[in-house]
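Notes to accompany the following structure.
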Amino acid sequence: MSENFEPKIVGFFCNWCTAAAADLAGTSRIQYPANVRPIRVMCSGSVDASYVIKALLEGADGVLIGGCHPGDCHYVNGNYKARRRVALLKSILTTLDLDPDRVWLRWISASEGLRFAKVIRQMTEELSQKGPNPMGKSPQT
Amino acid sequence: MIGIYAKGLNPREATREFFAELFGANLISSALLPARKAGLNQIFPALLSSKDSLDQTFPFAPVMPLSTAVQLSKITRFANPTNTVAVLLRPCESRAAVELVKLRQISLDNVLLITRDCPGTVEPETFEEKASDTLPGFSDFTEDDLRPVCRMCSYPEAPVADINIGTFGADAEGGIILEAKTEKGAEILKHIKLEAELEDTSARDAALKSETDKRTAYADKHLAELQKEVAGIDNLIKFFAKCVNCHNCRSMCPVCYCNECFFDSATFHFEGPRYEEWAARRVVLQMPRDEMLFHLGRMNHIGLSCVGCGMCEQACPHDIKVGQLFALISTIAQKELDIHAGMSVTDPLPLATFREEEFTEMGEEKV
Numbered sequence: 001m002s003e004n005f006e007p008k009i010v011g012f013f014c015n016w017c018t019a020a021a022a023d024l025a026g027t028s029r030i031q032y033p034a035n036v037r038p039i040r041v042m043c044s045g046s047v048d049a050s051y052v053i054k055a056l057l058e059g060a061d062g063v064l065i066g067g068c069h070p071g072d073c074h075y076v077n078g079n080y081k082a083r084r085r086v087a088l089l090k091s092i093l094t095t096l097d098l099d100p101d102r103v104w105l106r107w108i109s110a111s112e113g114l115r116f117a118k119v120i121r122q123m124t125e126e127l128s129q130k131g132p133n134p135m136g137k138s139p140q141t
Numbered sequence: 001m002i003g004i005y006a007k008g009l010n011p012r013e014a015t016r017e018f019f020a021e022l023f024g025a026n027l028i029s030s031a032l033l034p035a036r037k038a039g040l041n042q043i044f045p046a047l048l049s050s051k052d053s054l055d056q057t058f059p060f061a062p063v064m065p066l067s068t069a070v071q072l073s074k075i076t077r078f079a080n081p082t083n084t085v086a087v088l089l090r091p092c093e094s095r096a097a098v099e100l101v102k103l104r105q106i107s108l109d110n111v112l113l114i115t116r117d118c119p120g121t122v123e124p125e126t127f128e129e130k131a132s133d134t135l136p137g138f139s140d141f142t143e144d145d146l147r148p149v150c151r152m153c154s155y156p157e158a159p160v161a162d163i164n165i166g167t168f169g170a171d172a173e174g175g176i177i178l179e180a181k182t183e184k185g186a187e188i189l190k191h192i193k194l195e196a197e198l199e200d201t202s203a204r205d206a207a208l209k210s211e212t213d214k215r216t217a218y219a220d221k222h223l224a225e226l227q228k229e230v231a232g233i234d235n236l237i238k239f240f241a242k243c244v245n246c247h248n249c250r251s252m253c254p255v256c257y258c259n260e261c262f263f264d265s266a267t268f269h270f271e272g273p274r275y276e277e278w279a280a281r282r283v284v285l286q287m288p289r290d291e292m293l294f295h296l297g298r299m300n301h302i303g304l305s306c307v308g309c310g311m312c313e314q315a316c317p318h319d320i321k322v323g324q325l326f327a328l329i330s331t332i333a334q335k336e337l338d339i340h341a342g343m344s345v346t347d348p349l350p351l352a353t354f355r356e357e358e359f360t361e362m363g364e365e366k367v
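Read top to bottom, the protein sequences are chains W and S. With this note's numbering as the guide, the letters of the first sequence map in order to residues 1 to 141. With this note's numbering as the guide, the letters of the second sequence map in order to residues 1 to 367.
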């Protein structure tokens, strides 16, 4: 891994919580690494596994799915469904030895700007340790 | 209720006799059965409207050109038949049918679900080549002829049926073992002349157990080897190297039911400049695009509904062991998520439901 490797994180952020938390972190001037490429989605439950896989195959070093805390989903239970999908995705990635730890699911409410910044810091750090994602390197993928 | 039927006949003749009796007693008005196609050594499901053509049916032919569950969906999806249709399914077809019921693609009203024990199937080409003209059924084939997914299938008997036709634990000319598994099935069997109630099922239980054990042992060994073969992205690329992205595997998959597949959608229609951009970034842009995404995506879409029938693999023009790979990932995922495909029509849909108390560690600090 090179000294100045900067991991790329693709973030799928729920409109009702994590996307607002990202805004809050910004307006509160909380510093966090600029490694994340946020994509606002209407619910963590709307994130299909194929979006995550596409990001990983196209060179993202990690994918962060941000949703509302259990019980707080704007659409009642989308986050629970997201959780089950991520569990399935991680099971499959593990079976195929494709590093499930590059996919993170985090509950970050609209008021948790600090937590948002902390999660981005943690994830950037861990992905820097890991180095580039081998799934995104090959012209074959 | 469980009993011996038509002692002295082989399973094929006994099953024909059973269906003749069902027709004769007006218990069914038609039957979807594996039948000889155009006098050839090809066995496809056919909907029979009377007992007169039962001599063209081969209920135990060890070949599955397609999953009959999909054909049952065609018959019941838009409106159920007016009168009772009996359908004969092997265990993986029954399990696929259960998944399609969960997905609201099959309705079992006016359907009599009859299953039969399955010792496995061979590729249609092998069947055509090796089956003798009289199509005696299983004896023409050895275990090595069986498709690998069949050899690792842990369901010699279907978990869901109204009536099961058992051959494990019966003598070759000892008729078939009929077992009612629902009240509907029991009601039907009341009208059928059983030779004898089977009070002692230990011979059958032992035969089923030894078959399951043999297959589990094969699966454990075989899937462990496969898992090594595909470990890591480079090996996975090698595994799918011959894939032409034709989506045949998806088309023949009984549980891939979407009318419009995401992977065929306009999401994947790109303009020329995008391709130029990608090629510039990667130096070499391998075409066609997105076949790895297709396979990994499909694993996530149907992994929890996969019944391991291996129709995907049989449909692959380049003999990619895609069915075995799906068996690998779905066996592990279904165990880990405690969701088991094809076990009950009242089970909720795996990806549209949740349990509050599952994976509670996920979304928190670690994992």
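Here a beta-carbon is modelled for each residue, glycine too, at the ideal position from N, C-alpha and C.
Residue state for L48 (chain S) is assigned as strand, using DSSP reduced to three classes. Rounded to whole angstroms, M42 (chain W) and R102 (chain W) show a C-alpha spacing of 22 Å. Taking a cut-off of 8 Å for Cβ pairs, the stretch 16-24 of chain W and the stretch 111-129 of chain W touch, as three or more such pairs fall below it. Residues of the same chain with a CB within less than 7 Å of the CB of P100 (chain W), apart from the 5 flanking positions on each side, are K90, L93 and T94 in chain order.
In the DSSP assignment, I65 (chain W) is bridged to W:F12 and W:L105.
Under the three-state reduction of DSSP, S73 (chain S) is assigned to helix. One Cα belongs to R250 (chain S), the other to L189 (chain S), and the distance between them is close to 38 Å. Taking D48 (chain W) as reference, the option from W:P70, W:A87 and W:S128 with the minimal CA-CA separation is W:A87.
In this structure, S:A35 is the residue among S:P65, S:V63 and S:A35 with its C-alpha nearest to the C-alpha of Q56 (chain S). Rounded to whole angstroms, the Cβ separation of P156 (chain S) and R95 (chain S) is 12 Å, and the two are not in contact under 8 Å. Of all residues in the stretch 243-264 of chain S, only F262 and F263 come within less than 9 Å of chain W when Cβ atoms are compared, listed by chain position. For a cut-off of 8 Å, the C-beta gap from I176 (chain S) to T15 (chain S) is around 6 Å, short enough to register as a contact. Contact of S50 (chain W) with chain S is assigned, a C-beta pair being separated by under 8 Å. Around the Cβ of M287 (chain S), a 10 Å sphere holds fewer than 16 other Cβ atoms; the residue is exposed. Membership of E126 (chain W) in the alpha helix (DSSP H) is indicated by the continuous run G113 to K130. Only those residues of the stretch 322-349 of chain S whose C-beta falls short of 7 Å from the nearest C-beta of chain W are listed: L328, I329, I332, A333, E336 and L337. In the DSSP assignment, A219 (chain S) falls outside any beta strand (DSSP E) and within the unbroken alpha helix (DSSP H) covering S202 to V230. Residues of chain W whose Cβ lies closer than 7 Å to the Cβ of Q227 (chain S) are, in chain order, T95.
The beta carbon of A231 (chain S) sits closer than 8 Å to some beta carbon of chain W.
Counting other Cβ atoms within 10 Å of its Cβ, E93 (chain S) reaches 16 or more and is therefore classed as buried. Chain S places no beta carbon closer than 8 Å to that of K8 (chain W), leaving this residue out of the contacts. In the DSSP annotation of this structure, N164 (chain S) is not part of any alpha helix (DSSP H); the continuous beta strand (DSSP E) holding it starts and ends at I163 to G166. Secondary structure of S53 (chain S) (DSSP, three-state): helix. Taking 8 Å as the cut-off, the beta carbon of L27 (chain S) is found closer than this to the beta carbon of H191 (chain S). By the criterion of at least three beta-carbon pairs nearer than 8 Å, the stretch 228-248 of chain S is in contact with the stretch 276-296 of chain S.
The beta carbon of L56 (chain W) sits closer than 7 Å to those of V63, R102, N133, M135 and G136, all from its chain and outside the five residues before and after it, given in chain order. Beta-bridge partners assigned by DSSP to T115 (chain S): S:L89 and S:N164. Contact between I339 (chain S) and L198 (chain S) does not hold, since the beta-carbon distance rounds to 33 Å and is not under 8 Å. When rounded, the separation of the alpha-carbon atoms in Q324 (chain S) and G26 (chain W) is 48 Å. Of the candidates S:D162, S:A46 and S:H247, S:H247 places its Cα closest to the Cα of F262 (chain S).
At least one beta carbon of chain W lies nearer than 8 Å to the beta carbon of E356 (chain S).
Pairing G185 (chain S) with I165 (chain S) gives a Cβ-Cβ distance that is not under 8 Å. Rounded to whole angstroms, the Cβ separation of C316 (chain S) and C253 (chain S) is 11 Å, and the two are not in contact under 8 Å.
By the Cβ rule, the stretch 263-275 of chain S does not count as touching the stretch 78-89 of chain S, because fewer than three pairs are nearer than 8 Å. If you check the CB distance, G45 (chain W) and I108 (chain W) do not come in under 8 Å. Within the stretch 105-117 of chain W, L105, R106 and W107 place their CB atoms closer than 8 Å to a CB of chain S, listed in sequence order.
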